[in-house]
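Residue numbers (our numbering): 74 to 270.
Quick reminder that beta carbons are idealized off the backbone N, C-alpha and C, glycines included.
What follows is one structure encoded as structure tokens, with my remarks underneath.
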């Protein structure tokens, strides 16, 4: 029955899009916390890039929300559109994810023995999250193409490219931030450039 197939594909797309939406909303909070922690004068460029990515992340969430609604779902509706509206389970799941994300920001402030190490740990977390998003958008793009939804595939591809750019940026930052940890926490006499073996 064609109508059933269409609804099944839309429901699966809504599910995947909502997973991406929840992650984007989670990362908004995380990025805001990381930006607030990035106060070192020598890390202005890093802070600026995080601020740019926060704007991208908010834009991604808005674009996903529009697409989800167009497919008959609502943001946070993790099951089929009609089922989620009837149960409210999707909204409850989105609220819980938001609360977990809100709790992570302050916890990130506690990790590390120096400001430099906190920045490094945040960058590693951001790098991990970017790759999770890349995988998510790759899956959405593939699913959308498989069910003939060119608009969703195009959206997923565009967002995936933003996430790939951010991941490449973070990949370049991790060695720089690690060297800053070395400089801040390892006595000069113990650094490789000063050692004689």
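Considering just the uninterrupted stretch of the alpha helix (DSSP H) at residue 112, what are its terminal residues?
Taking the first residue of the chain shown as 1, we reach residue 112 at position 39. Neither: residue 112 is in no alpha helix (DSSP H) and is coded neither H nor E.
Give the secondary structure of residue 103 by DSSP, where H, G and I count as helix, E and B as strand, and everything else as coil.
Your numbering for residue 103 matches position 30 in the chain shown. Reduced to three states, the DSSP call for residue 103 is helix.
Among 83, 238, 211, whose alpha-carbon lies nearest the alpha-carbon of residue 229?
Sequence index remark: in the chain shown, residue 229 carries index 156 (1-based). Cα-wise, what sits closest to residue 229 is 211.
Can you check whether the CB of residue 220 is closer than 9 Å to the CB of residue 141?
By 1-based counting over the chain shown, the position of residue 141 is 68. By 1-based counting over the chain shown, the position of residue 220 is 147. Going by C-beta atoms, residue 141 is not nearer than 9 Å to residue 220.
Considering residue 248, what are the terminal residues of the alpha helix (DSSP H) in which it resides?
Here residue 248 refers to the residue found at position 175 when the chain shown is read from its first residue. Note, residue 248: alpha helix (DSSP H), 223 to 258.
Mind reading off the beta-carbon distance from residue 236 to residue 206? Whole number of angstroms is fine, and I expect it under 8 Å.
The sequence position of residue 236 within the chain shown is 163, counting from 1. The sequence position of residue 206 within the chain shown is 133, counting from 1. Between residue 206 and residue 236 the Cβ distance is about 4 Å, and since that is below 8 Å, they are a contact.
Excluding the five sequence neighbours on either side, which residues of its own chain have a C-beta within less than 8 Å of the C-beta of residue 127, listed in chain order?
Position 54 of the chain shown, counted from the first residue, corresponds to residue 127. Here the set comprises 101, 104, 105, 108.
So, residue 250 versus residue 189, is the Cβ gap smaller than 9 Å?
Translated into the one-based positions of the chain shown, residue 250 becomes position 177. Translated into the one-based positions of the chain shown, residue 189 becomes position 116. Contact flag set, yes.
To the nearest whole angstrom, what separates the beta carbons of residue 225 and residue 213, a pair I think is in contact under 8 Å?
Stepping through the chain shown from its first residue, residue 225 is reached at position 152. Stepping through the chain shown from its first residue, residue 213 is reached at position 140. So it is a contact: roughly 7 Å between Cβ atoms.
Note down, in chain order, each residue of its chain lying with its Cβ closer than 8 Å to the Cβ of residue 172, except the 5 sequence neighbours on either side.
One-based indexing of the chain shown puts residue 172 at position 99. Residue confidence is low: residue 172 scores 49 on pLDDT, short of 50, so the model does not pin down where it sits. No coordinate-derived value is stated.
Let's see if you can read the secondary structure: which residues bound the alpha helix (DSSP H) around residue 186?
Indexing the chain shown from 1 puts residue 186 at position 113. No alpha helix (DSSP H) contains residue 186, which DSSP labels as neither H nor E.
Identify whether residue 144 lies in helix, strand or coil by the three-state DSSP scheme.
The sequence position of residue 144 within the chain shown is 71, counting from 1. Reduced to three states, the DSSP call for residue 144 is coil.
Excluding sequence positions up to five away, which residues of its chain have a Cβ less than 7 Å from the Cβ of residue 119?
In the chain shown, the residue the question calls residue 119 occupies position 46. Cβ neighbours of residue 119 beyond the five flanking positions: 111, 246.
Have a look at 91, 144, 98, 204 and flag the residue whose alpha-carbon is nearest the alpha-carbon of residue 238.
Here the question's residue 238 lines up with position 165 in the chain shown. Considering only alpha carbons, the answer is 204.
Quick check: residue 284 and residue 93, are their CB atoms within less than 9 Å of each other?
The structure shown does not extend to residue 284, since the chain is modelled only from 74 through 270, so no value can be given for it.
Given residue 193, which residues of its chain have a CB within under 8 Å of its CB, disregarding the five upstream and five downstream residues?
Within the chain shown, the letter at position 120 stands for residue 193. 185, 247, 250, 251, 253, 254.
When you compare only the Cα positions, how much space is there between residue 85 and residue 258?
By one-based count along the chain shown, residue 85 stands at place 12. By one-based count along the chain shown, residue 258 stands at place 185. Taking the straight line joining both Cα atoms gives about 49 Å.
Report the three-state DSSP secondary structure of residue 264 (helix, strand or coil).
Residue numbering aside, residue 264 sits at position 191 when the chain shown is read from its first letter. Coil.
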